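J.:
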Amino acid sequence: FPAATSETQEQDVETVQKYLENYYNLKNDAKQVERQRNNDPVVEKLKQMQKFFGLKVTGKPDAETLNVMKQPRCGVPDMAQFV
Amino acid sequence: LTQGSPRWEDTHLTYRIENYTPDLSRAAVDHAIEKAFQLWSSVSPLTFTKVSESQADIMISFVRGDHRDNSPFDGPGGNLAHAFQPGPHIGGDIHFDEDERWTNNFRDYNLYRVAAHELGHSLGLAHSTDIGALMYPNYIFSGDVQLSQDDISGIQAIYGPSQNPTQPIGPQTPQVCDSKLTFDAITTIRGELMFFKDRFYMRTNPFYPEAELNFISVFWPHLPNGLQAAYEVADRDEVRFFKGNKYWAVKGQDVLYGYPKYIYRSFGFPRTVKNIDAAVSDEDTGKTYFFVANKCWRYDEYKQSMDAGYPKMIAEDFPGIGSKVDAVFQKDGFFYFFHGKRQYKFDTKTKRILTLQKANSWFNC
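Protein sequences appear in the order of chains G and S. Counting from 1 along the first sequence, just add 10 to a position and that's the residue number in my numbering. Counting from 1 along the second sequence, just add 1 to a position and that's the residue number in my numbering.
In structure tokens form, the structure reads like this:
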């Protein structure tokens, strides 16, 4: 998992994982992203999400990013089809 | 637009509300859903007809947990609702999470607001990165539900313009690094600076380089949009917001009881003054300056009365800053005056302008 800050709690890790699966297609794309650039798919997806919300694109689950992830929202993904 | 640009070929669509949440009366649910449809039909060639039986293009239901569409809901909070892109069968359908509390007011979550968003998906729109757009993914209720220009451009890109003779336009969200950015009001607040424009506030914080932009209603749901002036009385931990001939006082996020009040009664303005352009309170002297057109008044916060000899022309007390002020605040003893895209740093002791900057110089652009 990306080198998250030390105080990132266990549930924050889970929040990030679940959020990226729900709204940024993490699971389905993971293999593809890994193959292409041998990158950690979570970091890539986290950067996508941070870019979408105009946050600082760090690839790390900082407090601002976690705050956005915990806000109530629409269930339709931001980066994938919903069919 | 949704990937693949799905759209309805027929622009006359039907919808059916399959079941009702117990949180609201049936009439309130019907009304909220109907208003959401009207929002989109008013800016496009789309028309919507409510049917009570059989299959409709857009089927609307309240469900909870796993409701067999491969996208289970998650209990209270989190995921509020979802909708499917245009197409047959489940295409276009809208599901609201029954584990939420649905309301027709400020309390979470306003059904009309969420329905307007989900309907955007049913018609072919995806999420927007514009925080002022209805199609922004996160729930923000600013008190009124209106399509932003981003929403209107999106739906018209799919279905073309409305048959409305006057093309509808929507509000644009301010861009903090737009060099043409101007402000309605600016105030200090508990050591921070807050800039106001239309429905939005902007603020910087030392820990985060990007300026934050969000709806004013996030902090003060009952303040009006389009504030005209604001100032802080720091030793009372109070901020006063002005619009028209009224003003509100807040302490932190709480609007103080008994507001809004009239500026005539509280400050002694003549009735000819219809609104305040800008205001700032000098922490060192307890004198508050109000700017109205090309004049300024001075109010003594301790005596709670206007000083004699006012109003004066702005140029008498503040030479060089021009004859109109949009906004003003005090920081480190200096006054910062804003007019259009310009910002003047002014030394009230020497009555001299020290620097001239762009209005958005505080946003690290």
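The C-beta atom is built at its ideal place from N, Cα and C for all residues, glycine as well. What you are looking at is a predicted structure, and each value in this text was computed from that prediction instead of being measured.
If Ser154/S sits next to Pro172/S, beta carbons under 8 Å apart, how far is it from one beta carbon to the other, in whole angstroms?
T.: To locate residue 154/S, count along the second sequence from 1; it is residue 153. To locate residue 172/S, count along the second sequence from 1; it is residue 171. Rounded, the Cβ-Cβ distance is 12 Å, inconsistent with contact.
J.: Can you list, in chain order, the residues of the region 75-96 of chain S whose Cβ is nearer than 7 Å to any Cβ on chain G?
T.: Gly78, Gly79, Asn80, Leu81, Ala82, His83, Ala84, Phe85, Gln86
J.: What residues from the region 114-132 of chain S come within 9 Å of chain G, judged by C-beta to C-beta, listed N to C?
T.: Within the region 114-132 of chain S, the residues whose Cβ lies closer than 9 Å to some Cβ of chain G are Val115, His118, Glu119, His122, Ala127, His128, Thr130, Ile132, listed in chain order.
J.: Quick one: residues in its chain with C-beta nearer than 8 Å to the C-beta of Thr104/S, no 5 flanking neighbours on either side, listed in chain order?
T.: Here residue 104/S refers to the residue found at position 103 when the second sequence is read from its first residue. Same-chain partners within the cutoff: Asp24, Leu25, Tyr110, Asn111, Leu112.
J.: For Gly323/S versus Ile354/S, is the C-beta distance shorter than 8 Å?
T.: Within the second sequence, residue 323/S is the residue found at index 322, counting from 1. Within the second sequence, residue 354/S is the residue found at index 353, counting from 1. In this structure, Gly323/S lies away from Ile354/S, with their beta-carbon atoms at least 8 Å apart.
J.: Would you decide whether Asn175/S is buried or exposed? Buried here means 16 or more other CB atoms lie within 10 Å of its CB.
T.: Numbered from its first residue, the second sequence carries residue 175/S at position 174. First, the amino acid is wrong: residue 175/S is Pro here, not Asn. Buried, by the Cβ-count rule.
J.: Can you tell me whether Glu193/S is buried or exposed, with buried defined as 16 or more other CB within 10 angstroms of its CB?
T.: Here residue 193/S refers to the residue found at position 192 when the second sequence is read from its first residue. It counts as exposed.
J.: Within 8 Å, do at least three Cβ pairs link the region 219-229 of chain S to the region 245-260 of chain S?
T.: At 8 Å Cβ cutoff, the stretches touch.
J.: Got a sec: is the Cβ-Cβ distance from Lys66/G to anything in chain S below 8 Å?
T.: Counted from its first residue, the first sequence places residue 66/G at position 56. It does: the Cβ of Lys66/G has a partner Cβ on chain S nearer than 8 Å.
J.: Tell me which same chain residues have a C-beta within less than 6 Å of the C-beta of Gly144/S, skipping the five on either side of it?
T.: Stepping through the second sequence from its first residue, residue 144/S is reached at position 143. Correct list, in chain order: Ser218.
J.: In its own chain, which residues sit with a C-beta less than 6 Å from the C-beta of Lys325/S, not counting the 5 before and 5 after it?
T.: Taking the first residue of the second sequence as 1, we reach residue 325/S at position 324. Only His340 meet the Cβ criterion.
J.: Quick one: using the 10 Å Cβ neighbour count with 16 as the cut-off for buried, is Phe107/S buried or exposed?
T.: Numbered from its first residue, the second sequence carries residue 107/S at position 106. Per the 10 Å Cβ criterion, exposed.
J.: Please work out which residues of its chain come closer than 8 Å, Cβ to Cβ, to Lys332/S, disregarding the five sequence neighbours upstream and downstream, and give them in chain order.
T.: For the purposes of this step, residue 332/S is identified with residue 331 of the second sequence, where counting begins at 1. Once the five neighbours on either side are set aside, the close Cβ partners of Lys332/S are Thr189, Leu194.
J.: Give the single residue among Phe62/G, Asp22/G, Asn77/G, Lys80/G whose Cα lies nearest to the Cα of Tyr34/G.
T.: One-based indexing of the first sequence puts residue 34/G at position 24. Out of Phe62/G, Asp22/G, Asn77/G, Lys80/G, Phe62/G has the C-alpha closest to the C-alpha of Tyr34/G.
J.: Residues of chain G with CB under 7 Å from Pro138/S, in chain order?
T.: Against the second sequence, residue 138/S aligns to sequence position 137. Here the neighbours are Arg83, Cys84, Asp88.
J.: Do Phe85/S and Val26/G count as a contact pair if the criterion is CB distance below 8 Å?
T.: Numbered from its first residue, the first sequence carries residue 26/G at position 16. Numbered from its first residue, the second sequence carries residue 85/S at position 84. Judged by beta-carbon spacing, Phe85/S lies beyond the 8 Å limit of Val26/G, meaning their Cβ atoms are not closer than that value.
J.: If we count the other Cβ atoms within 10 Å of its Cβ and call it buried at 16 or more, is Gly310/S buried or exposed?
T.: What you label residue 310/S is simply residue 309 of the second sequence in a count that begins at 1. With fewer than 16 Cβ atoms within 10 Å of its Cβ, Gly310/S is classed as exposed.
J.: DSSP has Phe231/S in a bridge; who is on the other side?
T.: In the second sequence, the residue the question calls residue 231/S occupies position 230. Note on residue identity: the sequence assigns Ala, not Phe, to residue 231/S. Its beta-bridge partners are Phe242/S.
J.: Check Thr75/G in the structure and name its three-state DSSP category.
T.: Position 65 of the first sequence, counted from the start, is the residue given in the question as residue 75/G. Looking at Thr75/G - three-state DSSP - the assignment turns out to be helix.
J.: With DSSP run on the structure shown, which of helix, strand or coil describes Val64/S?
T.: The count along the second sequence starts at 1 and reaches residue 64/S at position 63. Residue state, collapsed to three classes: strand.
J.: On the three-state DSSP scale, how would you describe Asp24/S?
T.: Taking the second sequence and counting its residues from 1, the one referred to as residue 24/S is at position 23. In this structure, Asp24/S counts as coil in the three-state DSSP scheme.
J.: With burial defined as no fewer than 16 other Cβ atoms inside 10 Å of the residue's Cβ, what is the status of Asn32/G: buried or exposed?
T.: Position 22 of the first sequence, counting from 1, holds the residue named residue 32/G. When all chains shown are included, Asn32/G counts as buried.
J.: Can you tell me whether Ser43/S is buried or exposed, with buried defined as 16 or more other CB within 10 angstroms of its CB?
T.: Start at 1 with the first residue of the second sequence, and residue 43/S comes out as number 42. By the 10 Å Cβ count, Ser43/S comes out exposed.
J.: Could you list which residues in chain G have their beta carbon closer than 8 Å to that of Gly321/S, in chain order?
T.: Working through the second sequence from its first residue, we reach residue 321/S at position 320. The premise fails here: Gly321/S is roughly 37 Å from chain G at the closest Cβ pair, so nothing lies under 8 Å.
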